[in-house]
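*Asks:* Protein chains in written order, with our numbering: chain U, 1 to 251; chain B, 1 to 497.
Quick reminder that beta carbons are idealized off the backbone N, C-alpha and C, glycines included.
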Ligand SMILES: Nc1ncnc2c1ncn2[C@@H]1O[C@H](COP(=O)(O)OP(=O)(O)OP(=O)(O)O)[C@@H](O)[C@H]1O
Ligand SMILES: [Mg+2]
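1. Could you give the DSSP three-state label for residue 124 of chain U: helix, strand or coil?
2. How do the segment 357-364 of chain B and the segment 226-237 of chain B stand: do at least 3 beta-carbon pairs fall below 8 angstroms, yes or no?
3. Buried or exposed: residue 472 of chain B, going by 16 or more other Cβ atoms within 10 Å of its Cβ?
4. Please output, in chain order, the residues near ligand 2 using a CB cut-off of less than 7 angstroms to any non-hydrogen atom of the ligand.
5. What residues from chain U crowd round residue 149 of chain B, counting only those whose CB sits closer than 7 angstroms?
6. Taking only beta-carbon atoms, is residue 184 of chain U less than 9 angstroms away from chain B?
7. Are there any heavy atoms of ligand 1 lying less than 8 angstroms away from the beta-carbon of residue 209 of chain U, as far as the coordinates show?
8. Just grab the DSSP bridge partners of residue 119 of chain B for me.
9. Which class does residue 365 of chain B belong to by DSSP, given the choice of helix, strand or coil?
10. How long is the line joining the alpha carbons of residue 23 of chain U and residue 214 of chain B, rounded to whole angstroms?
11. Counting only runs of 4+ residues fully inside the segment 60-122 of chain B, write out the alpha helix (DSSP H) ranges in chain order.
12. Is residue 57 of chain U helix, strand or coil by DSSP?
13. Is the segment 475-489 of chain B touching the segment 316-331 of chain B, taking contact as three or more C-beta pairs under 8 angstroms?
14. Quick one: give me the first and last residue of the beta strand (DSSP E) that residue 393 of chain B is part of.
15. If you follow the beta strand (DSSP E) that residue 80 of chain U is part of, which residue opens it and which one closes it?
16. Contact criterion: CB-CB distance below 9 angstroms. Does residue 220 of chain U meet it with respect to chain B?
17. Which residue wins for smallest C-alpha separation from residue 30 of chain B, given the options B:42, B:38, B:37 and B:17?
18. Beta-carbon of residue 49 of chain U versus every beta-carbon of chain B: anything under 9 angstroms?
19. Identify whether residue 168 of chain B lies in helix, strand or coil by the three-state DSSP scheme.
20. Would you kindly work out how many angstroms separate the C-alpha atoms of residue 2 of chain U and residue 74 of chain U, rounded to a whole number?
21. Considering just the uninterrupted stretch of the alpha helix (DSSP H) at residue 34 of chain U, what are its terminal residues?
22. On the DSSP bridge assignment, give the partners of residue 7 of chain B in chain order.
23. Give the single residue among B:247, B:242, B:268 and B:270 whose Cα lies nearest to the Cα of residue 259 of chain B.
24. For the segment 124-196 of chain U, list the beta strand (DSSP E) runs that are entirely contained and at least 3 residues long, ordered along the chain.
25. Does the separation of the CB atoms of residue 274 of chain B and residue 303 of chain B fall below 9 angstroms?
26. Buried or exposed for residue 52 of chain U, please, with buried defined as at least 16 other CB atoms from any protein chain shown within 10 angstroms of its CB.
27. Let's see if you can read the secondary structure: which residues bound the beta strand (DSSP E) around residue 2 of chain U?
28. With residue 500 of chain B as the anchor, note down where its alpha helix (DSSP H) starts and where it stops.
29. I want to verify the contact list: residues of chain U whose CB lies under 9 angstroms from the CB of residue 125 of chain B, in sequence order.
30. Grab the span of the alpha helix (DSSP H) containing residue 36 of chain B for me, first residue to last.
31. Would you call the CB atoms of residue 44 of chain U and residue 69 of chain U closer than 9 angstroms?
32. Grouping DSSP H, G and I as helix and E and B as strand, with all else coil, what is residue 290 of chain B?
33. I'd like the list of long-range same chain contacts for residue 10 of chain B, defined as Cβ closer than 6 angstroms, with 5 residues on each side in sequence excluded.
34. Please classify residue 229 of chain B as buried or exposed, where buried requires at least 16 neighbouring CB atoms within 10 angstroms.
35. Chain U beta carbons: is any one of them nearer than 9 angstroms to that of residue 490 of chain B?
36. Anyone know if the C-beta pair for residue 148 of chain B and residue 155 of chain B falls short of 9 angstroms?
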């Protein structure tokens, strides 16, 4: 079992959209996937119509292995389950530090479900900069959605610097351009300069800005299920394949 | 009852189910179209008897297990034996079926599959189910529940509804689909304490004649070799009764019947011998190094050709007018035993006679075993093997007479012993028959002759060990421990003559 995080130190860049569609795409490719909704607003759970469990707001949640596994809900899609964690900020910190500690109950809890899943995908909430190191250590790979603007360019540099100074393996970082508008020359230019500055850090696949993706909130379903033939679906499929390859999970 | 994965429902429950809703959940049904379906089983209905059901539709095999689990795989196959299926979960779950028995279409009809989903107020699916409506000999409705992780309550709600609608364990699905025509190679023959030997013998024979006949179509269609084998076992049991129950029928009648059944049996000999030889193919290959396999291939090709001819003759015999007339006469004779003519032992109690025969046979075996020396010829061992066979059939016919626990031990021991003696005897017979095959070839290729020679050498090499193993097992069977068990099996031994 491997852990993939979808992370960005910026909000609204498409982390949840990416997590939801990637998780579903992985499942359609035959992997058994657990999508952990770590966003306090329960955004991924929303897209799968999974109601947040009340139990999950309790502080003792992660003390209890059984409760974690009990909270898992099957999605409507074969091979994809959701952990609809509707947890607070502090809980997330606990979650991550426990993930690192091999003897922690959380680690044990995840070990207990390990056999059930090939991949656990973490949809991270925004603004967790102080805790991010925990994510970086726990995950085998980190998908980082980047909107190709000047501002994002600097944010990404910060992330890479952080990895350098904290002696973290940069190879875990998988940058993916998100909400790309081909009509904007700025987007194209930024993509070029970022790709050449961080040679192996960016994936070939990128996600266009698409109204299909915006409408996901209306359908409350992953894109591959509602608009499988659209450009955005194609992009997510390509992204999924590339991520699996990078993680050594490709079949 | 443990929670099952599938339930059989009355066909009329379909309407009530489709109406849903189930508690707070609403039902979404996606009905499919009626599709042609074939239900498969072995001739002896191994699947039906084990509570399973196997059907094929739309290029897929689906297997229902007794606990209601459903397995499926593509129906691609090389032949109709379970081993011929492409690797997959269905094949794996059929691994216990006899390698000698092929699967046969038992019935055909239509199947309509409907997918059900129970959804909550957000239209999130909480439990799924698969409904299968079969329309074959009868209608049968199977529902398979599919719980979703984290939605246990919804699953239990649906299960409760299924049970309310009359849901029951799915073990009988196959029986329902196929209808009530179970074949068994070992039909139960009820023998009462007050039955005369005449009545018992007649009943046994009358019961086995239809078993013999039931195998005829399978022999003609050449589905698998078991049809002929069972046909012969049926005949053998009939001949055994005629032979052992000497004096039960009028003497001239008995002799006449013996001759007639012997003739029926003789007609099966050549085909059965070839079947046995050909079934040994894998074993023969395993015994010889690969360099000698081409010669074996030539040998088995020759055997296959011979078998075709033997099958043709057997078919001609079975379809011939003489056979039809003969079997009709025999059947009528045992159905209306008045014409059989009672012999001087006709009114002896069947159980008394049987016990006497069983004891005598056992004694004969013990004496023969005691006489065995290294010089005892193989033929004598072969005769002991035949005694054992008769002893086993006898105790099987009269099984209800015996104390069940020692009966099981004795029967199992005889069977094991028969296997060992059989293996030994097969080796001897095979050496002879291999030589004969070779002699029958107009110009046997050198490779074939070499391989046959090598095979005979290997068989001869096994001769000593096989013989020793058979003798050791035989002496264990006739030793004091098993004799005690044997006698403890018999009823009221004190008052026997
Ligand atoms: N490629 C895209 N094209 C168009 N709209 C997008 C795209 N990706 C995401 N969106 C929309 O942008 C908004 C933010 O996306 P999303 O929730 O996935 O970002 P996020 O990084 O998870 O946000 P947060 O930081 O709040 O968790 C959503 O309304 C989503 O529908
Ligand atoms: Mg989000």
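*Replies:* In brief:
1. Within the first chain, numbered from 1, the residue matching residue 124 of chain U stands at position 124. In the structure shown, residue 124 of chain U sits in coil (DSSP, three-state: anything other than H, G, I, E or B).
2. Not touching, per the Cβ criterion.
3. Along the second chain, one-based indexing puts residue 472 of chain B at 472. Exposed.
4. The filter returns U:15, U:16, U:39, U:43, U:123, U:125 and U:126, in chain order.
5. The residue labelled residue 149 of chain B in the question sits at position 149 within the second chain. Simply 72, 73, 74 and 81.
6. Looking up residue 184 of chain U in the first chain gives position 184. Chain B, which has no Cβ nearer than 9 angstroms to the Cβ of residue 184 of chain U, makes this no.
7. As a first step, residue 209 of chain U must be located in the first chain, where it is residue number 209. Correct: residue 209 of chain U has its Cβ closer than 8 angstroms to ligand 1.
8. Counting from 1 along the second chain, the entry for residue 119 of chain B is found at position 119. When beta bridges are read from the DSSP output, residue 119 of chain B appears opposite B:26 and B:125.
9. Here residue 365 of chain B is taken as the residue at index 365 of the second chain, counted from 1. Helix.
10. The residue given as residue 23 of chain U occupies position 23 in the first chain. The residue given as residue 214 of chain B occupies position 214 in the second chain. Answer to the nearest angstrom: the Cα atoms are 58 angstroms apart.
11. Listed in chain order, the complete alpha helix (DSSP H) runs (minimum 4 residues) inside the segment 60-122 of chain B are 89-93.
12. Here residue 57 of chain U is taken as the residue at index 57 of the first chain, counted from 1. Low per-residue confidence applies at residue 57 of chain U: pLDDT is 49, beneath 50, and the placement is therefore not dependable, though the value from the model is reported in the following sentence. If DSSP states are grouped into helix, strand and coil, residue 57 of chain U belongs with the helices.
13. The segment 475-489 of chain B, when compared against the segment 316-331 of chain B, does not touch it at the 8 angstroms Cβ threshold.
14. As a working note, residue 393 of chain B is residue 393 in the second chain. No beta strand (DSSP E) holds residue 393 of chain B; the alpha helix (DSSP H) holding it covers 378-397.
15. If you number the first chain from 1, residue 80 of chain U lands on position 80. That run of the beta strand (DSSP E) goes 80-83.
16. As a working mapping, residue 220 of chain U is identified with position 220 in the first chain. Chain B contact via Cβ: present.
17. One-based indexing of the second chain puts residue 30 of chain B at position 30. For the options B:42, B:38, B:37 and B:17, the alpha carbon positioned closest to that of residue 30 of chain B is the one of B:17.
18. Position 49 of the first chain, counting from 1, holds the residue named residue 49 of chain U. With 9 angstroms as the cut-off, residue 49 of chain U counts as an interface residue toward chain B.
19. Here residue 168 of chain B is taken as the residue at index 168 of the second chain, counted from 1. In the structure shown, residue 168 of chain B sits in a strand (DSSP, three-state: E or B).
20. Counted from its first residue, the first chain places residue 2 of chain U at position 2. Counted from its first residue, the first chain places residue 74 of chain U at position 74. Rounded to whole angstroms, the gap between the alpha carbons of residue 2 of chain U and residue 74 of chain U is 19 angstroms.
21. As a position in the first chain, residue 34 of chain U is number 34, starting the count at 1. From DSSP, residue 34 of chain U is part of no alpha helix (DSSP H) but of the beta strand (DSSP E) over 33-37.
22. Counting from one through the second chain, the residue named residue 7 of chain B turns up at place 7. Residue 7 of chain B pairs with B:143.
23. What you label residue 259 of chain B is simply residue 259 of the second chain in a count that begins at 1. Residue nearest to residue 259 of chain B within the set B:247, B:242, B:268 and B:270 is B:242 (criterion: CA-CA distance).
24. Within the segment 124-196 of chain U, the runs of beta strand (DSSP E) at least 3 residues long that lie entirely inside it are, in chain order, 141-146 and 173-177.
25. As a working note, residue 274 of chain B is residue 274 in the second chain. As a working note, residue 303 of chain B is residue 303 in the second chain. Inclusion of residue 274 of chain B and residue 303 of chain B in the CB contact set at 9 angstroms is warranted, their separation being smaller than that value.
26. For this step, residue 52 of chain U is matched to residue 52 along the first chain. A residue is called buried once 16 or more other Cβ atoms fall within 10 Å of its Cβ, and residue 52 of chain U is buried on that count.
27. Mapped onto the first chain, residue 2 of chain U falls at position 2. Taken as a continuous stretch (DSSP letters only), the beta strand (DSSP E) holding residue 2 of chain U covers 2-6.
28. One cannot answer for residue 500 of chain B here, as it falls past the ends of chain B, which runs 1 to 497.
29. Numbered from 1 along the second chain, position 125 holds the residue referred to as residue 125 of chain B. 49, 74, 75 and 76, listed in chain order.
30. Numbered from its first residue, the second chain carries residue 36 of chain B at position 36. Segment 35-42 is the beta strand (DSSP E) holding residue 36 of chain B; no alpha helix (DSSP H) there.
31. The count along the first chain starts at 1 and reaches residue 44 of chain U at position 44. The count along the first chain starts at 1 and reaches residue 69 of chain U at position 69. Taking 9 angstroms as the Cβ cut-off, residue 44 of chain U and residue 69 of chain U do not qualify as a contacting pair.
32. Here the question's residue 290 of chain B lines up with position 290 in the second chain. Helix at residue 290 of chain B.
33. As a first step, residue 10 of chain B is located in the second chain; it is residue number 10 there, counting from the start. The beta carbon of residue 10 of chain B sits closer than 6 angstroms to those of 166, all from its chain and outside the five residues before and after it, given in chain order.
34. Translated into the one-based positions of the second chain, residue 229 of chain B becomes position 229. Under this definition residue 229 of chain B is a buried residue.
35. For this step, residue 490 of chain B is matched to residue 490 along the second chain. For residue 490 of chain B, the answer is no, since every Cβ of chain U falls outside 9 angstroms of its Cβ.
36. Locating residue 148 of chain B in the second chain gives position 148, where the first residue counts as 1. Locating residue 155 of chain B in the second chain gives position 155, where the first residue counts as 1. If you check the CB distance, residue 148 of chain B and residue 155 of chain B come in under 9 angstroms.
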